[in-house]
Amino acid sequence: MASQSSIPAKTFEGWVAHDATSPLTFTTFEPKPFTDTDVEIKVTHCGICGTDVHTLRSGWGPTDYPCVVGHEIIGIVERVGTAVPTLASSTSSRDIRVGDRVGIGAQSMSCLRADCEACADGQESYCTRMTGTYNGRYKDKSKSYGGFATRWRGPAHFVFRIPDSLPSAEAAPLLCGGVTVFAPLRKYGAGPGKTVGVIGVGGLGHVGILFARALGADRVVAISRSSSKRADALEGLGADGFIATGEEKGWAKTHSRSLDILLSTVSAADMPLGQYLRLLKRDGTFIQVGAPEHPLPPLAAWSLIQKSVKVTGSNIGSPEDIRQMLQLAAEKRVLPWIQKRPMEDVNGALADMHDGKARYRYVLQNGGEQAKL
Ligand SMILES: NC(=O)c1ccc[n+]([C@@H]2O[C@H](COP(=O)([O-])OP(=O)(O)OC[C@H]3O[C@@H](n4cnc5c(N)ncnc54)[C@H](OP(=O)(O)O)[C@@H]3O)[C@@H](O)[C@H]2O)c1
Ligand SMILES: [Zn+2]
Ligand SMILES: [Zn+2]
Numbered sequence: 001m002a003s004q005s006s007i008p009a010k011t012f013e014g015w016v017a018h019d020a021t022s023p024l025t026f027t028t029f030e031p032k033p034f035t036d037t038d039v040e041i042k043v044t045h046c047g048i049c050g051t052d053v054h055t056l057r058s059g060w061g062p063t064d065y066p067c068v069v070g071h072e073i074i075g076i077v078e079r080v081g082t083a084v085p086t087l088a089s090s091t092s093s094r095d096i097r098v099g100d101r102v103g104i105g106a107q108s109m110s111c112l113r114a115d116c117e118a119c120a121d122g123q124e125s126y127c128t129r130m131t132g133t134y135n136g137r138y139k140d141k142s143k144s145y146g147g148f149a150t151r152w153r154g155p156a157h158f159v160f161r162i163p164d165s166l167p168s169a170e171a172a173p174l175l176c177g178g179v180t181v182f183a184p185l186r187k188y189g190a191g192p193g194k195t196v197g198v199i200g201v202g203g204l205g206h207v208g209i210l211f212a213r214a215l216g217a218d219r220v221v222a223i224s225r226s227s228s229k230r231a232d233a234l235e236g237l238g239a240d241g242f243i244a245t246g247e248e249k250g251w252a253k254t255h256s257r258s259l260d261i262l263l264s265t266v267s268a269a270d271m272p273l274g275q276y277l278r279l280l281k282r283d284g285t286f287i288q289v290g291a292p293e294h295p296l297p298p299l300a301a302w303s304l305i306q307k308s309v310k311v312t313g314s315n316i317g318s319p320e321d322i323r324q325m326l327q328l329a330a331e332k333r334v335l336p337w338i339q340k341r342p343m344e345d346v347n348g349a350l351a352d353m354h355d356g357k358a359r360y361r362y363v364l365q366n367g368g369e370q371a372k373l
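In UniProt numbering, the protein residues as written are 1 to 373.
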């Protein structure tokens with residue numbers, strides 16, 4: 001077990017974005033000051049999420065550069081704040097020890113106030129004062145920095161122990177992508193007796209298929225633009241059906257009223273939303289988790305009225321969702337399909353992610369012994 005050295009570092013090293021277009025450079029940055037409720041880790045792995053790409057290019061609005069993205073982080077605990085063993089906000093986080101293997105997802109803080117409806121309900125991902133793991137600010141105004149780095153530091157409340165049976169590289173994408181699909185699938189009843197469609201077979205979507213199956217849905221249908229991912233979806237991920245929207249003529253009519261739940265991971269706005277809704281049964285639910293940079297297409301009122309369908313969205317998941325998701329993943333062997341890339345190849349991996357080449361998640365790994373974990 002590693003021991004805790006006495007003085008917290010003032011600077012970390014990582015892959016820093018300086019503007020919306022230049023490649024990331026390996027350099028120093030200033031993490032938040034270490035407090036007694038924080039944990040500090042040596043990063044071994046970090047997945048590349050679609051959100052990293054949107055943020056790096058200021059796709060949702062101006063990013064606060066310098067920025068270090070990456071919020072599917074796995075690493076080994078090197079430092080634990082003195083108040084963590086008695087942390088009031090989270091009994092689960094009290095167990096975190098130096099040497100533990102842990103993960104951090106897309107959120108690293110919320111207000112945790114008793115008068116905050118979201119935090120008091122254990123719905124921290126809906127707190128209006130939430131801090132994203134990167135491109136955010138903590139209460140003391142220091143910036144949050146993500147996992148494309150050699151170290152990460154932040155509040156223990158949002159740090160999760162990884163079950164022993166989950167390999168680190170496969171566990172990484174679960175921290176954001178995994179919980180983002182698991183939380184709404186479970187909330188809207190994906191399970192026995194239900195048919196589920198997952199739109200977009202990408203980082204989130206392929207894990208959505210795996211979790212819909214793990215939750216026991218009767219039938220899981222993968223919905224993709226072309227048939228290039230058909231074999232992976234049907235033979236590898238275990239989908240029961242596949243729709244290639246760009247190739248199958250009349251697909252919305254052929255498969256109309258066949259699904260109870262539709263989970264859309266689509267990351268661009270030019271999607272056939274009205275046709276997707278035709279796939280829903282009466283009282284069905286469409287959940288948008290993909291976050292395009294432009295508004296969604298207009299919607300005909302009749303597409304909602306005629307079948308009493310619901311259109312909703314979902315933001316990552318709460319710490320409790322993350323713990324339950326990791327447990328289910330360990331029990332049912334929900335292992336994302338990953339491709340490991342050395343952290344030094346981050347710019348190449350980002351370019352390939354942008355071009356849609358990931359099958360289905362790139363996981364950056366830091367060199368040396370720790371990357372074997
Ligand atoms: N709500 C949240 O809390 C949350 C959390 C994490 C990520 N996100 C967002 O979720 C989105 C997906 O992230 P990701 O990491 O899964 O990205 P990804 O690996 O690039 O997957 C996105 C998938 O969307 C499909 N797609 C792309 N453009 C499309 C279009 N014009 N029409 C229809 N389908 C299209 C593609 O699937 P096919 O090739 O199969 O068509 C693609 O594989 C991003 O916008 C990300 O920011 C949201
Ligand atoms: Zn993410
Ligand atoms: Zn709050």
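Beta carbons: idealized from backbone N, C-alpha and C, even for Gly.
If you're wondering where the values come from, they're calculated on a predicted model, not measured in any experiment.
Cα-Cα separation, residue i to residue j
i: Arg129; j: Ile41; result: 24 Å
i: Arg323; j: Gly250; result: 41 Å
i: Leu350; j: Asp52; result: 9 Å
i: Lys253; j: Gly241; result: 15 Å
i: Ala371; j: Gln365; result: Residue confidence for Ala371 is low, a pLDDT of 48 falling below 50, so the modelled location carries little weight and cannot support an answer.
i: Thr37; j: Tyr360; result: 35 Å
i: Gly75; j: Arg257; result: 44 Å
i: Met1; j: Val77; result: Unreliable placement is indicated for Met1, whose pLDDT of 48 sits below 50; no coordinate value is reported for it.
i: Gly238; j: Ser168; result: 23 Å
i: Pro33; j: Pro66; result: 17 Å
i: Lys10; j: Gly81; result: 16 Å
i: Val98; j: Pro85; result: 12 Å
i: Arg225; j: Val198; result: 12 Å
i: Ser90; j: His45; result: 25 Å
i: Phe148; j: Gly70; result: 5 Å
i: Lys143; j: Gly200; result: 32 Å
i: Asp283; j: Glu72; result: 34 Å
i: Ala300; j: Gly61; result: 28 Å
i: Glu369; j: Val43; result: With a pLDDT of 47 at Glu369, under the threshold of 50, the modelled position of that residue is not reliable, and no figure is offered here.
i: Asp64; j: Val346; result: 20 Å
i: Asp140; j: Met109; result: 12 Å
i: Trp15; j: Gly50; result: 17 Å
i: Ala217; j: Pro319; result: 24 Å
i: Glu13; j: Tyr362; result: 21 Å
According to DSSP, residues forming a beta bridge with residue i
i: Phe182; result: In DSSP, Phe182 forms no bridge with anything.
i: Gln365; result: His45, Pro342
i: Trp152; result: Ile41
i: Lys143; result: Arg137
i: Thr91; result: DSSP, once it has assigned bridges, lists no residue as partnering Thr91.
i: Gln288; result: Ser264, Gly313
i: Ala222; result: Val198, Phe242
i: Ala358; result: Paired residues: none, contrary to the question.
i: residue 417; result: As displayed, the chain neither begins before 1 nor continues past 373, which places residue 417 out of reach and without an answer.
i: Val159; result: Ile104
i: Thr28; result: Glu13
Ligand 5 heavy atom lying under 7 Å from the CB of residue i
i: Arg257; result: Ligands present in the displayed structure are limited to ligand 1, ligand 2 and ligand 3, and ligand 5 is not among them.
Quick one, what's near ligand 3 if you take every residue whose CB is closer than 6 Å to any heavy atom, in chain order?
Ser110, Cys111, Arg113, Cys116, Ala118, Cys119, Cys127, Arg129
Quick check for students: name the residue ranges of the beta strand (DSSP E) that lie wholly in the region 299-338, counting only runs of 3 or more.
310-313
Check your reading: residues with Cβ closer than 5 Å to ligand 2 heavy atoms
Cys49, Thr51, Ala106, Cys176
Quick check: the region 296-313 against the region 198-212, are there 3 or more CB pairs under 8 Å?
no
Using a Cβ distance threshold of 8 Å, determine whether the region 116-126 contacts the region 288-299, with at least three qualifying pairs required.
no
3-residue-minimum beta strand (DSSP E) runs that sit fully inside the region 253-285, ordered along the chain
259-264
When you compare the region 184-194 with the region 137-157, are there three or more beta-carbon pairs, one atom per stretch, that lie closer than 8 Å?
no
Give the list of continuous alpha helix (DSSP H) stretches no shorter than 4 residues that lie fully inside the region 54-128.
117-120
For the region 130-139 against the region 23-30, do three or more pairs of beta-carbon atoms, one drawn from each stretch, fall closer than 8 Å, so that the two count as touching?
no
Contact between the region 101-121 and the region 54-68 is defined here as three or more beta-carbon pairs at a separation below 8 Å; is this criterion met?
no
Should the region 157-167 be called in touch with the region 314-328, which here means at least 3 C-beta pairs below 8 Å?
yes
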